[in-house]
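For the first sequence, this note's numbering gives the first residue as 1, with consecutive numbering after it.
Every residue gets a Cβ at the ideal spot worked out from N, C-alpha and C, and that includes glycine.
Keep in mind the model is a prediction, meaning the values are calculated, not measured.
Before any comments, here is the structure.
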Amino acid sequence: MSDSSDQLYPMRHSLAHIMATAIRRLHEGTKFGVGPVVENGFYYDVLLPEGQLGEEDLAAIEGEMRHIITDNQPFERFELPVDQAIEWAQQNGQPFKVELLNDLKRSGTTVAKDLNADELGTIAAGDAAVENVSFYRNGEFEDLCRGPHVESTGKVGAFKLLRVSGAYWRGNEKNQQMQRVYGVAFASQEELDKYLAMLEEAKARDHRKLGQELDLFVVSDLVGSGLPLFTPRGTVLRDELANFSNSLRQAAGFQKVWTPHITKKDLYEASGHWAKFGDELFLVKSQETSDEFVMKPMNCPHHTRIYAAQPRSYRDLPLRYLETTTDYRDEKTGELGGLSRVRALTQDDSHVFCRQDQIEAEIDKLLSAADELYKTVGMDLRVRLSYRDDSDAYLGDQGLWQSAQEQLKNAVIKNSLNYFEQDGEAAFYGPKIDFMATDAIGREHQVATVQLDFVQPERFGLRYVAEDGSEQQPVMIHCALLGSIERFLSVYIEHTAGKFPVWVAPEQIRLLTVNQEEATLAFAEKVRAEAYKLGLRLTVDTMNESVGKKIRAAEIAKVPYAIVIGGKEIETEQVSPRVRKDLVEQEGERTLSVGEFLQTVADEAKSRATKTSL
RNA sequence: GCCACCUUAGCUCAGCUGGCUAGAGCAUCAGUUUUGUAAACUGAGGGUCAUCGGUUCGAAUCCGAUAGGUGGCUCCA
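Rendered as structure tokens:
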């Protein structure tokens with residue numbers, strides 16, 4: 001999100017040009033697309049005259065860039081009338097620039113509807129009047145560009161090219177695919193190193209890596225891609241998180257419901273989802289009847305059926321349904337990855353059916369539930385108010401949209417949440433509040449969502465009888481606090497680096513026996529039985545290995561508490577738990593009775609503490 | 001779906017420009033050891049080098065297709 005007032009902007013912008021200069025030196029006849037500044041760096045979209053760039057080409061490009069930087073070529077600005085600029089682009093064999101310039105000439109902007117905001121400022125070459133178009137020249141390279149640039153190629157700070165990938169021209173998949181070469185850049189080498197270290201840290205906490213190391217989930221080619229299987233440990237995480245999310249809403253008056261995982265496609269034809277998402281639904285054919293089923297991709301249409309099963313009075317509202325359940329979406333294969341994008345996703349889904357005058361109070365409850373959940377997991381929240389834009393991709397009356405968007409905003413302001421507003425991010429049936437959570441290494445992820453919906457009540461003909469006896473249409477509020485549990489887990493595993501607080505830790509306590517003598521095993525068993533009564537997850541390592549090795553194994557498994565059990569413990573009935581470092585606030589020896597220890601851990605789990613109270 | 005890259009034992013990885021029976025560490029199993037706060041010792045098992053096809057006297061190595069993965073693009077109820 002750099003803007004041109006940012007001092008890094010000209011630097012990164014110039015690096016994009018230097019990179020283009022280098023690529024053109026190495027590959028005569030390269031066609032250039034756009035070369036904007038993005039978060040942490042820059043890229044340029046290019047099309048080589050023949051062949052493709054691979055990662056191994058990056059070093060050569062970087063080398064050439066360093067030559068250009070050493071040459072310290074000044075950046076010179078000059079202007080051309082737009083028609084001459086188009087001629088320039090044609091003569092230089094730059095069809096993409098020709099297209100941009102033609103747009104510029106026609107509409108005063110090169111911004112296509114499908115270009116994102118980051119690209120917006122960087123390719124718009126001229127001023128609104130569009131008589132003259134500005135160019136920059138460095139050495140032998142000239143490029144259409146609004147600037148600003150640094151003075152000369154020597155003043156660009158520290159950079160590194162990271163990767164090359166495919167990207168569609170102007171972000172439209174119907175267009176030709178170009179190659180996007182990415183680099184990161186900072187004012188100093190230290191900052192660059194810091195950023196690269198952060199990337200390393202992110203790699204070290206990658207949930208796919210930790211998922212395997214900590215034995216949380218597995219994938220199988222026989223089951224299919226995008227269909228992770230959860231181990232006993234991973235299932236504890238899922239259950240604990242889902243239970244927490246559910247309990248927060250049950251406290252706010254939500255009731256659990258259950259719906260089947262397949263349904264006739266008629267349900268989605270009625271809801272409007274078939275028309276919009278039909279090709280992403282899994283089809284299931286009955287061999288007994290002519291019924292065509294689909295795997296449910298969402299739960300709201302089902303919940304409307306429960307609502308509609310009886311006549312409802314204004315007195316019944318709000319009705320609040322809660323269901324943590326798995327939905328199935330046939331995502332394009334290239335979009336699948338780890339747990340963040342799967343084909344079987346579990347939503348902690350809920351729907352409120354309420355009167356218009358109850359919207360704000362209901363949203364208020366959901367916002368405070370979300371707030372508590374994210375406080376507990378230790379992530380900062382900010383919310384995005386996602387509104388519609390002027391396109392026709394949305395269903396429902398314009399006036400209703402207007403009113404809905406205002407009510408969402410009111411509730412957000414009332415909760416004094418940190419928010420921003422964005423057009424074009426709404427669901428097709430209504431505006432929404434999206435929650436963005438910041439993780440331990442500063443990355444922001446979209447998590448929870450609260451969505452208003454005037455469309456489905458209309459489509460399903462939902463009604464209630466008002467005080468005056470008239471029939472009214474209820475409003476639906478969709479809400480998932482975690483979003484998809486799989487996706488949330490991908491974020492949460494990386495946020496915690498696998499060091500889960502006691503309440504979610506798959507294994508809370510591990511006993512390590514010093515030997516395999518009968519008395520030792522009996523004592524361990526006694527502790528295990530007591531822990532079980534307190535609802536604690538405790539395991540016993542009785543392996544015939546050295547204590548050192550067993551400690552190491554417990555450390556690697558990131559178990560919060562490890563306790564060595566031997567003659568000393570048996571005799572005194574006291575234990576000296578070894579506490580995982582991140583849980584400790586004060587260093588020190590801790591020795592206490594078994595009962596006291598277990599009770600303390602049980603209390604920590606119950607209160608969802610993130611530090612030990614030992 | 002598109003582009004680039006990747007796929008060698010359960011895991012992490014060696015294996016050079018094609019050439020002995022494809023190796024190591026960890027993990028697993030067996031034996032010895034009965035262990036006190038981050039790795040005891042010895043041995044064994046474990047591979048159709050992702051799959052299928054091609055080039056070659058000869059393929060883990062080169063070429064093609066397929067599957068899976070990674071990073072992006074597009075999409076995201």
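Which of helix, strand or coil DSSP assigns to residue i
| i | result |
| --- | --- |
| H149 | coil |
| R66 | helix |
| K256 | strand |
| H615 | A question about residue 615 goes unanswered here, because the residues of the chain that appear run from 1 up to 614. |
| A251 | coil |
| M543 | coil |
| T289 | coil |
| R578 | strand |
| E76 | strand |
| R608 | coil |
| Q508 | coil |
| P318 | coil |
| P638 | Coverage of the chain is limited to positions 1 through 614, which leaves residue 638 absent and any answer about it impossible. |
| D390 | coil |
| E119 | Low confidence applies to E119: its pLDDT is 39, below 50, so where it sits in the model is not reliable, and the reading given next is rough at best. Helix at E119. |
| I262 | strand |
| A59 | helix |
| P81 | strand |
| V37 | strand |
| D468 | coil |
Option nearest residue i by Cα separation, candidates the options
| i | options | result |
| --- | --- | --- |
| E76 | L26, F42 and V150 | V150 |
| E486 | I563, L58 and H207 | H207 |
| F500 | G183, V377, R180 and L367 | V377 |
| L144 | L227, V34 and S613 | V34 |
| I68 | T21, L104, L512 and K568 | T21 |
Residue i versus residue j - alpha carbon distance
| i | j | result |
| --- | --- | --- |
| L15 | Y9 | 10 Å |
| D266 | P301 | 11 Å |
| K174 | A167 | 11 Å |
| G157 | N138 | 17 Å |
| R580 | F244 | 23 Å |
| A117 | D423 | Low per-residue confidence applies at A117: pLDDT is 38, beneath 50, and the placement is therefore not dependable enough to give any value. |
| Y561 | L462 | 53 Å |
| D349 | V257 | 10 Å |
| Q177 | L47 | 8 Å |
| G253 | V514 | 50 Å |
| E39 | E444 | 13 Å |
| L120 | G399 | Per-residue confidence for L120 stands at a pLDDT of 40, beneath the threshold of 50, marking its modelled position as unreliable; no derived number is given. |
| S247 | S368 | 13 Å |
| P238 | M11 | Correcting the residue type first, residue 238 is Arg in the shown sequence and not Pro. Near 45 Å, if we compare the C-alpha coordinates of M11 and R238. |
| L583 | R205 | 18 Å |
| E525 | G483 | 40 Å |
| T122 | Q7 | Low local confidence applies: a pLDDT of 41 at T122 is under 50, so the model's placement there is unreliable, with the coordinate-based value given in what follows. Roughly 15 Å separates the two Cα atoms. |
| T70 | Y43 | 21 Å |
| V181 | R233 | 40 Å |
| N102 | L26 | 28 Å |
| D127 | K155 | Confidence at D127 is low in this model, with a pLDDT of 43, below 50, so the placement of that residue should be treated as unreliable; the coordinate-derived value is given next. If you take the alpha carbons of D127 and K155, they lie about 26 Å apart. |
| L417 | G41 | 30 Å |
| Y492 | V98 | 46 Å |
| E335 | S403 | 35 Å |
| T333 | G226 | 8 Å |
| R66 | A89 | 27 Å |
| A187 | Q574 | 56 Å |
| Q347 | Y307 | 20 Å |
| H303 | Q255 | 12 Å |
| L161 | E585 | 41 Å |
| T600 | P577 | 12 Å |
Distance between beta carbons of residue j and residue i, contact taken as under 8 Å
| i | j | result |
| --- | --- | --- |
| G498 | L214 | 5 Å |
| V284 | F293 | 4 Å |
| V502 | A609 | 7 Å |
| H478 | H351 | 6 Å |
| I530 | V594 | Looking at the sequence itself, residue 530 is Glu, so the reference to Ile does not match. Indeed, because the Cβ distance is near 7 Å, the residues count as touching under 8 Å. |
| P474 | L317 | 6 Å |
| G396 | F353 | Not quite, the Cβ-Cβ distance comes to about 17 Å (not below 8 Å), so this is no contact. |
| P260 | E280 | So it is not a contact: roughly 19 Å between Cβ atoms. |
| V218 | T231 | 7 Å |
Heavy atom of the ligand NAP within 7 Å of residue i beta-carbon
| i | result |
| --- | --- |
| V491 | By its list of ligands, the structure shown contains no ligand whatsoever, and the ligand NAP lies outside what it can speak to. |
Decide if the stretch 408-415 is in contact with the stretch 463-478; the criterion is three or more beta carbon pairs, one per stretch, under 8 Å apart. No, the stretch 408-415 does not touch the stretch 463-478.
Are the stretch 358-366 and the stretch 380-395 touching by the rule of at least three beta carbon pairs closer than 8 Å? No, the stretch 358-366 is not in contact with the stretch 380-395.
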